[in-house]
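Notes follow the structure.
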Amino acid sequence: MQQTTHHFARRVNDLSESAIFRIGARAKALADEGHDIVRLDAGEPDFNTPQWIIDAAKQALDDGFTRYTEIGGLPQLKEAIQHKLESQNQLHYRLEQIMHTCGAKQGLFNACMSLLGPGDEIVIPTPRWGTYPAIADIAAAKTVNATTRYEDGFVLTPETLDHALSSRTRVLILNSPNNPTGQVYSREELAALGNVLLEYPDVIVLSDDIYEHLRFTNQPYANILNVCPSLKNRTVVINGVSKAYAMTGWRVGFAAGPEDIINEMQKLQGQTNSHTAAVSQVAATAALNGGLDEVTTMSQVFAERARQVAEGLKPVERIKCLPAQGSFYCLPDFSPIIESLPDVDDDRELADWLLDKLGIAMVPGSAFNAPGHMRLSFAASDKTLQKGLDRLQKTFA
Ligand code: PMP
């Protein structure tokens, strides 16, 4: 049969395939063939959604939550979000300033598509999650990378931020705990960034707090609004239940911010996916109202694994790695390894090499604008993790 060539819009032509999915697909194919593959590439908790949340969802179906809901979300979900922000984050929002989204990802998408157009700039601290610049591309905006350094704990400095901002900047993204570095911003570091932002009154901050509950330090959680309340009229807080409650597949996130921005985001959502499934909204309501016991337990497990990874990488002196303070990732620097391997030129080739030769799946750092690095996810059992660390030690120590 003759192959038809279709013409696609530039916004999809220019989108690159997710390196995360590529390496995941290769790892799965090798595992299906019977190879012993250690998966350290996962972007989701390896826990199941707590049973009481699943029970709430089952009940919701019997109760008839099978129809369209309000675009912004079921009233009880919005109230649960409001209460969560108030009690856990000391942030007060009226219900009109809150909406649910189809995962935090759609919250970011709605916000960027509402705020950015051709010629506008978005400042993204790097290393960063690949979806941020992809969304900026879809909005035809220009991504300005603000590079963070290992020496600064992968935290954006006020000088670098000041340098990246311009009169064309419309949006700044902050993400703490961070994917892929695993680092967490302190209150002081956030306050210093807030001071710079005061000089740029037109910049809107998107605070991606999705890993909020997965933290391994004793400091209470802070986002930029907790230290710079004056930014409230130009900050949108993005969060969700995916990572904290092991609910990635339910697709519930939320956004809170100035009412006019939330209104535009809702307009966009109303003309695209409308809302996430009613049953998912009820499940998320139960999760947010249900206390943090399981969340704390899961976070403690991740903290233990972060220690396991830090210990396991120590003997491999050539690989520098900041121990994770949050999320379930860290970002070891493999550049000396890449240099030492004759048939490997960059981190993408190293990802394939590690998979083929050692049976370890990790996502290449260039997917996060961190060439030479690999993202190691410890959303894997202790046994799997140890097997991967042993293989790395045996080969590179
Ligand atoms: N922000 C970051 C930094 C993430 O890593 C992810 C998930 N990988 C998300 C947002 C999106 O989360 P979700 O859409 O599942 O809520």
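At position 192 of the sequence shown (counting the first as 1) the number is 192 in the UniProt record's numbering, and the numbers step up by one without a gap. A virtual CB, placed ideally from N, CA and C, is assigned to each residue, including glycine. Bear in mind the structure is a predicted one, so any value in this text is a computation, not a measurement.
Own chain partners of residue i with C-beta closer than 6 Å, once the 5 adjacent residues on each side are dropped
| i | result |
| --- | --- |
| THR181 | PRO127, PHE154 and LEU331 |
| PRO118 | ALA140 |
Cβ-based neighbour list, residue i, same chain, cut-off 7 Å, excluding 5 preceding and 5 following
| i | result |
| --- | --- |
| GLY194 | ILE224, VAL227, CYS228 and LEU231 |
| ASP162 | VAL196 |
| LYS84 | LEU288 |
| ASN239 | ALA104, ASP209, ILE210, GLU212, GLY253 and PHE254 |
| ASP382 | ARG305 and GLN308 |
| ASN369 | THR126, PRO127, ARG128 and ASN145 |
| ILE54 | none |
| LEU156 | PRO125, ALA146, THR148 and LEU193 |
8 Å contact criterion, which residue i and residue j should meet: CB distance rounded
| i | j | result |
| --- | --- | --- |
| PRO50 | TYR245 | 7 Å |
| TYR93 | ALA256 | 5 Å |
| ARG251 | THR276 | 5 Å |
| LEU322 | ASP208 | Not quite, the Cβ-Cβ distance comes to about 20 Å (not below 8 Å), so this is no contact. |
| LYS387 | GLY253 | Going by Cβ atoms, the distance from LYS387 to GLY253 rounds to 33 Å, so no, they are not a contact pair. |
| VAL205 | LEU165 | Actually they do not touch by this definition, with Cβ atoms about 11 Å apart. |
| TRP353 | VAL344 | 5 Å |
| THR148 | GLN325 | Rounded, the Cβ-Cβ distance is 14 Å, inconsistent with contact. |
| ALA361 | ILE23 | 6 Å |
| LEU214 | PHE328 | 6 Å |
Buried or exposed by the 16-neighbour rule on C-beta atoms within 10 Å, applied to residue i
| i | result |
| --- | --- |
| ASP347 | buried |
| PRO315 | exposed |
| ALA25 | exposed |
| GLU304 | exposed |
| ALA278 | buried |
| ASP333 | buried |
| GLU339 | exposed |
| THR285 | buried |
| LYS58 | exposed |
| VAL236 | buried |
| LYS267 | exposed |
| PRO201 | exposed |
| ARG375 | buried |
| SER167 | exposed |
| GLU189 | buried |
| HIS6 | exposed |
Residue i to residue j span [Cα, whole Å]
| i | j | result |
| --- | --- | --- |
| ASP356 | PHE302 | 27 Å |
| residue 398 | SER377 | Past the edges of the chain, shown from 1 to 397, lies residue 398, and the structure says nothing about it. |
| GLY290 | GLN2 | 57 Å |
| GLN219 | THR169 | 31 Å |
| PHE21 | GLN76 | 35 Å |
| LEU288 | PRO342 | 51 Å |
| ALA80 | LEU389 | 41 Å |
| GLU294 | GLU44 | 16 Å |
| ASN263 | VAL171 | 17 Å |
| ASN233 | LEU174 | 16 Å |
| ALA9 | MET298 | 42 Å |
| GLY150 | LYS394 | The residue asked about is misnamed: residue 150 is Tyr in this sequence, not Gly. Between TYR150 and LYS394, the C-alpha separation is close to 26 Å. |
| GLU121 | ALA111 | 14 Å |
| ILE135 | MET113 | 8 Å |
| SER280 | LYS243 | 15 Å |
| ILE337 | ASN179 | 23 Å |
| HIS35 | GLU86 | 49 Å |
| LEU74 | GLY249 | 19 Å |
| ALA27 | ILE37 | 7 Å |
| ASP14 | ASP62 | 44 Å |
Cβ neighbours of residue i in the same chain (closer than 8 Å, five flanking residues each side left out)
| i | result |
| --- | --- |
| GLU70 | HIS275 |
| LEU392 | GLY312, LEU313, VAL316, ILE319, LEU358 and ILE360 |
*Mind listing, in chain order, the residues whose beta carbon lies closer than 6 Å to a non-hydrogen atom of the ligand PMP?*
GLY43, GLY103, ALA104, LYS105, TRP129, ASN175, ASN179, ASP208, ILE210, GLY240, SER242, THR248 and GLY253
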